[in-house]
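Visitor: Converting from the sequence shown to this note's numbering requires adding 17 to each position, the first position being numbered 1. Where a beta carbon is used, it is the ideal one built from N, C-alpha and C, also for glycine.
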Amino acid sequence: MRKRIFIAVCIVIILLFVYLCIHSSRCEYDYIVIGSGAAGSVLASELHKAGYRVIVLEAGGDYNCLPLLKKATEIQNLVLNQEPAFDWREVTEYQDNIQKQLTWAGGRVYGGGPAINGTFWLEGTPDIYETIGIKGAHLEKIRQFLRTELEIEANTVASPVGMKCCKAINQASNIPIVNNYNEYKFACSPYIQVTQKNGKRTVGSKVFLSGKVQTLLHCTALKVKPHSVKVLHKGIPKQIRAKHEIILSAGIHSNQILQLSGIKNAGSNAIDAVGIEVFFTMPPTDNTPSDPNAPAAFYAYLPGSSGQRDFHFVGKANIIPGLLTVGVVLIRTESRGEAQITTKDPLTQAEVNLNVLGDESDMQAMMYGIRTHLIPMALALFAIDNNYILLAPDAPTVNDDAALRKFILANVNSTVHNFAGTCSQVVDLKTGKVKCLPGVRVADASILPVPTNGGTMETAYVIGKYISERILC
Ligand SMILES: Cc1cc2nc3c(=O)[nH]c(=O)nc-3n(C[C@H](O)[C@H](O)[C@H](O)COP(=O)(O)OP(=O)(O)OC[C@H]3O[C@@H](n4cnc5c(N)ncnc54)[C@H](O)[C@@H]3O)c2cc1C
Numbered sequence: 018m019r020k021r022i023f024i025a026v027c028i029v030i031i032l033l034f035v036y037l038c039i040h041s042s043r044c045e046y047d048y049i050v051i052g053s054g055a056a057g058s059v060l061a062s063e064l065h066k067a068g069y070r071v072i073v074l075e076a077g078g079d080y081n082c083l084p085l086l087k088k089a090t091e092i093q094n095l096v097l098n099q100e101p102a103f104d105w106r107e108v109t110e111y112q113d114n115i116q117k118q119l120t121w122a123g124g125r126v127y128g129g130g131p132a133i134n135g136t137f138w139l140e141g142t143p144d145i146y147e148t149i150g151i152k153g154a155h156l157e158k159i160r161q162f163l164r165t166e167l168e169i170e171a172n173t174v175a176s177p178v179g180m181k182c183c184k185a186i187n188q189a190s191n192i193p194i195v196n197n198y199n200e201y202k203f204a205c206s207p208y209i210q211v212t213q214k215n216g217k218r219t220v221g222s223k224v225f226l227s228g229k230v231q232t233l234l235h236c237t238a239l240k241v242k243p244h245s246v247k248v249l250h251k252g253i254p255k256q257i258r259a260k261h262e263i264i265l266s267a268g269i270h271s272n273q274i275l276q277l278s279g280i281k282n283a284g285s286n287a288i289d290a291v292g293i294e295v296f297f298t299m300p301p302t303d304n305t306p307s308d309p310n311a312p313a314a315f316y317a318y319l320p321g322s323s324g325q326r327d328f329h330f331v332g333k334a335n336i337i338p339g340l341l342t343v344g345v346v347l348i349r350t351e352s353r354g355e356a357q358i359t360t361k362d363p364l365t366q367a368e369v370n371l372n373v374l375g376d377e378s379d380m381q382a383m384m385y386g387i388r389t390h391l392i393p394m395a396l397a398l399f400a401i402d403n404n405y406i407l408l409a410p411d412a413p414t415v416n417d418d419a420a421l422r423k424f425i426l427a428n429v430n431s432t433v434h435n436f437a438g439t440c441s442q443v444v445d446l447k448t449g450k451v452k453c454l455p456g457v458r459v460a461d462a463s464i465l466p467v468p469t470n471g472g473t474m475e476t477a478y479v480i481g482k483y484i485s486e487r488i489l490c
């Protein structure tokens, strides 16, 4: 009898052992990618294609079937409503300069930013990418791959308002009117390149991951260690192991995860663009017959006083009926902020101080942009069609330094959701490897040591692809 009990106990122990072995091997992957956004989706796909066992961990769920998310032009509603189901809904620290906090949207959803963003495809100039080791010809190869996979397209019909604005910019700032603005350092165009197909978003997660790469949704990474990630999956704590590496592609949250993992200064060097919006009166009919899916009437890359591409001007018509809104965005900022965790609770947002217009040269640059590009554009536009009247700033404001400064401070209302740079001080810039954490890399725009002068979506996709190549080489 005793012998039988002994054998039974042994069998149970062996079965338990076998079960644990199988289970733990199931939870071990070659690579773990944190974040299914722009960078994470393409990177995970490339590792998977090379034959590795890859898992993507995504804090959000899959809401991409919602009409609100499918249709790219719903972006305005999304940003205004800050929907908690698929938006991180974060907020900066109080910015002394502009006397307010700024909110920013961030995709907390399968697909990340590209699942909720403005879909503008804006390519930064090659010098930006050289800072992380991507050379010109290589950059072009990566971009060709991405443009094809993401089916980048542009509206083929220009709206009258877009065409008139481009003519005005051309006359005022001597900037060429072109079909493809991404082929130029400075250009303006009424044809907007977008990550859309027939009005529906093209999201990296759908293109690169769906049905191919294993993805765990509602799974928030809390901390990383060499070879393992501590996660909360649908409220349950778990540990997931990686045989080779863990790659953080969590966008603005990559630095937070590093700080929670003990990397102290991961949050400094937060970089962002700043923008103000100005309004022109316009005849509402001028917005037709543009492609209704085009997210803007025109886009322009413009120079600052140093001759660099410092400004993006983006014009949207009839978001407020009868008005043309022009975003004057300073894209190459000198102000640097920081993002710091204040608690060990991984679910509490880090404190983000963008230090908006904290560096005087950014204020000077904004004043330059208004005086050198916006006002001459407004005069030229009025001469082309006197229905277009710039409502503010008026001439006395523009001509007086103190008044213009006050106008700018009062009107900065957007972070443009283009974060970068928060991990650049703790990684090797050319490989994304975290200096004090072996087996862990960062692959997203947070490794950039300088602000991008394109859009951060394109930057993140490029960096995701590039770091996958560095891993596989
Ligand atoms: C409203 C809005 C409009 C924008 N418009 C444009 C535009 O038109 N053009 C442009 O170029 N850029 C635009 N952007 C910015 C662009 O979308 C982002 O810069 C880009 O998506 C960044 O890519 P990423 O891969 O670094 O991060 P994301 O795409 O943000 O992906 C990060 C992913 O990681 C997940 N994640 C975060 N933390 C964790 C965690 N702890 N555990 C697991 N998962 C986690 C997130 O949920 C997210 O899915 C916009 C952004 C927003 C929010």
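Answer yes or no: do D402 and K181 have a C-beta to C-beta separation smaller than 9 Å?
Guide: Yes, the pair counts as a contact, with Cβ atoms nearer than the cut-off.
Visitor: Within 10 angstroms of the Cβ of A317, are there 16 or more other Cβ atoms? Answer buried if so, exposed if not.
Guide: It is buried - the Cβ of A317 has at least 16 other Cβ atoms within 10 Å.
Visitor: For the alpha helix (DSSP H) that G179 lies in, which residues bound it at each end?
Guide: Element bounds for G179: P177 to S190.
Visitor: Please classify E170: does DSSP put it in a helix, a strand, or coil?
Guide: If DSSP states are grouped into helix, strand and coil, E170 belongs with the strands.
Visitor: Evaluate the contact criterion for the segment 468-483 versus the segment 128-147: three or more CB pairs, one atom per stretch, below 8 Å.
Guide: Yes, they touch.
Visitor: Nearest-angstrom Cα distance between S53 and S266?
Guide: Between S53 and S266, the C-alpha separation is close to 8 Å.
Visitor: With a threshold of 8 Å (Cβ to nearest heavy atom), would Y198 be considered close to ligand 1?
Guide: Because no heavy atom of ligand 1 lies under 8 Å away, the Cβ of Y198 does not count as near it: no.
Visitor: Quick check: the Cα distance between T350 and E45, rounded to an integer number of angstroms?
Guide: Approximately 42 Å between the Cα atoms of the pair.
Visitor: Could you tell me if P243 is buried or exposed, where buried requires 16 or more neighbouring beta carbons within 10 angstroms of its beta carbon?
Guide: Classification for P243: exposed.
Visitor: Could you say which of A400, A477 and N428 lies nearest to G438 if we only look at CA atoms?
Guide: Closest by alpha carbon: A477.
Visitor: Tell me, please, which residues DSSP counts as bridged to D104.
Guide: Answer is G124.
Visitor: Quick check on DSSP: helix, strand or coil for Q256?
Guide: Residue state, collapsed to three classes: strand.
Visitor: On the premise that G321 lies in contact with A382, defined as a C-beta separation below 8 Å, what is that separation, rounded to the nearest angstrom?
Guide: That belief holds up - the Cβ atoms of A382 and G321 are roughly 5 Å apart, short of 8 Å.
Visitor: Looking only at its own chain, which residues have a Cβ that is under 8 Å from the Cβ of Q13, when we skip the five neighbours before and after it?
Guide: Outside the modelled stretch of the chain, which goes from 18 to 490, sits residue 13, for which no answer is possible.
Visitor: Is any non-hydrogen atom of ligand 1 found closer than 8 Å to the C-beta of P468, if you look at the structure I gave you?
Guide: Incorrect: P468 has no Cβ contact closer than 8 Å to ligand 1.
Visitor: Sorted by chain position, which residues of the same chain lie with C-beta nearer than 6 Å to K47's C-beta, five sequence neighbours on each side aside?
Guide: Per the sequence presented here, residue 47 reads as Asp, with Lys not at that position. Result list for D47: Y69, R70, K260 and H261, in chain order.
Visitor: I need the boundaries of the alpha helix (DSSP H) containing V59, first residue and last residue.
Guide: Note, V59: alpha helix (DSSP H), A55 to K66.
Visitor: Excluding the five sequence neighbours on either side, which residues of its own chain have a C-beta within less than 6 Å of the C-beta of A61, listed in chain order?
Guide: The residues are V50, V71, V73 and V230.
Visitor: I need the DSSP call for E475, collapsed to helix, strand or coil.
Guide: Looking at E475 - three-state DSSP - the assignment turns out to be helix.
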